[in-house]
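Colleague:
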Amino acid sequence: MYDNRRFRPVDAVPGSSVGHYHQDGDLVWAEFSGTAVRAGRVVATCGPDGVLDAAYCYVTAAGDTVSGTFVGTPTLLDDGRIRLTEAWSRTDGSSGVSEIEEFGT
113 MYDNRRFRPV DAVPGSSVGH YHQDGDLVWA EFSGTAVRAG RVVATCGPDG VLDAAYCYVT
173 AAGDTVSGTF VGTPTLLDDG RIRLTEAWSR TDGSSGVSEI EEFGT
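Those letters in the sequence shown? Residues 113 to 217, per the numbering used here, in order.
Here you go:
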């Protein structure tokens with residue numbers, strides 16, 4: 113479902129982080145980077161419904177480290193692309209919801 117797909121924020125602007133996803137069975141992982149993120153990683157398990165139970169970490173352009181977990185719920189768009197709604201919480205106690213969307217290469 114996720115292997116070799118690329119995602120970026122729904123409200124992407126130039127320099128937004130781009131993630132490249134991979135999948136082997138129920139194991140999903142991704143690398144992402146952009147102007148504000150020097151390097152980031154996601155590791156997850158994928159349920160039969162495509163929901164991701166994930167952990168992530170990244171280093172910002174300023175050199176700060178950020179880590180946390182998220183549950184990513186997929187929606188199949190009319191054109192066949194995937195949108196992930198990610199309910200996340202960070203180890204610093206903050207939380208929120210983000211949306212990323214598949215895009216062409």
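We put the beta carbon where it would ideally sit given N, CA and C, even for glycine.
Taking D123 as the reference, give the member of S207, Q135, L196 and T185 with the closest Cα.
Modeller: L196
Colleague: Measure the alpha-carbon distance for G175 versus F144 and round it to whole angstroms.
Modeller: 15 Å
Colleague: Are the beta-carbon atoms belonging to F119 and E211 less than 7 Å from one another?
Modeller: No.
Colleague: Are the Cβ atoms of V183 and D165 separated by less than 7 Å?
Modeller: yes
Colleague: Provide the residue span of the beta strand (DSSP E) that contains D136, from first to last.
Modeller: Unbroken beta strand (DSSP E) run through D136: V130 to D136.
Colleague: DSSP three-state label for D190, please.
Modeller: coil
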